[in-house]
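> Have a look at this one.
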Amino acid sequence: MKKILVAIESCETTTIASPLVQKTLELAGAFSSKVWILHVAPPSRQHPYNVDSKISRLAISDELRNEHEFLQHLAKCMKNKNIDATALLVEGAIISTILNESERLGVDLVVLGCHRHGLLYGALMDDTEEGLLSKCTRPLMFIPV
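All you need for our numbering is the position in the sequence shown, starting with 1, plus 1261.
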């Protein structure tokens, strides 16, 4: 297991001490793995009609810049723990982007956080975990968050 992709769902709630990051550090340290930290940003949407398009674009660019800086900081923290880490911020649909990046990078493991929801939630919402389970050709590891 030389290549690990860890998908970060939320830059606002993830830290170096998060279970998802800690498990990734544990695995990467044990196997001397290269780690890619992936955060998928949803595709830019059309701005609301009552908001100036320039203001909307500035807000989106600020958010993406903040997410990018966070991912860079997280990669630096991992490097400080002797883990070879690279941050990736990619725009796209969550499932297809994780699948594409895992194939492109040739990773040996995809690590994701999972939420414990009931069957009704999964039936009504776009369930990333289920989508990845049915489509991913790489081994997946789900860490409860």
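Just so it is clear, CB atoms sit at the ideal spot from N, CA and C, and this is done for glycine as well.
Note that the structure is a prediction, hence the values are computed from the model and not measured.
Check whether the stretch 1348-1359 touches the stretch 1274-1292, counting contact only when three or more Cβ pairs, one atom from each stretch, lie closer than 8 Å.
No, the stretch 1348-1359 does not touch the stretch 1274-1292.
> Kindly indicate which residue of Ser-1363, Pro-1280 and Trp-1297 has the alpha-carbon position closest to the one of Gln-1333.
By one-based count along the sequence shown, residue 1333 stands at place 72. Among Ser-1363, Pro-1280 and Trp-1297, the Cα nearest to that of Gln-1333 belongs to Trp-1297.
> Beta carbon of Leu-1299, beta carbon of Ile-1265: below 8 Å?
Numbered from 1 along the sequence shown, position 38 holds the residue referred to as residue 1299. Numbered from 1 along the sequence shown, position 4 holds the residue referred to as residue 1265. No, they are not a contact pair.
> So the alpha helix (DSSP H) Glu-1352 belongs to, where does it begin and stop?
Your numbering for residue 1352 matches position 91 in the sequence shown. Per DSSP, Glu-1352 belongs to no alpha helix (DSSP H); it is in the beta strand (DSSP E), 1345-1352.
> Would you report the Cα separation of Cys-1375 and Ser-1314, rounded to the nearest angstrom?
As a working mapping, residue 1375 is identified with position 114 in the sequence shown. As a working mapping, residue 1314 is identified with position 53 in the sequence shown. Whole-angstrom Cα-Cα distance: 35 Å.
> Quickly, what does DSSP pair Lys-1264 with across the bridge? List them, please.
For the purposes of this step, residue 1264 is taken as residue 3 along the sequence shown, with counting starting at 1. According to DSSP, Lys-1264 bridges with Lys-1295.
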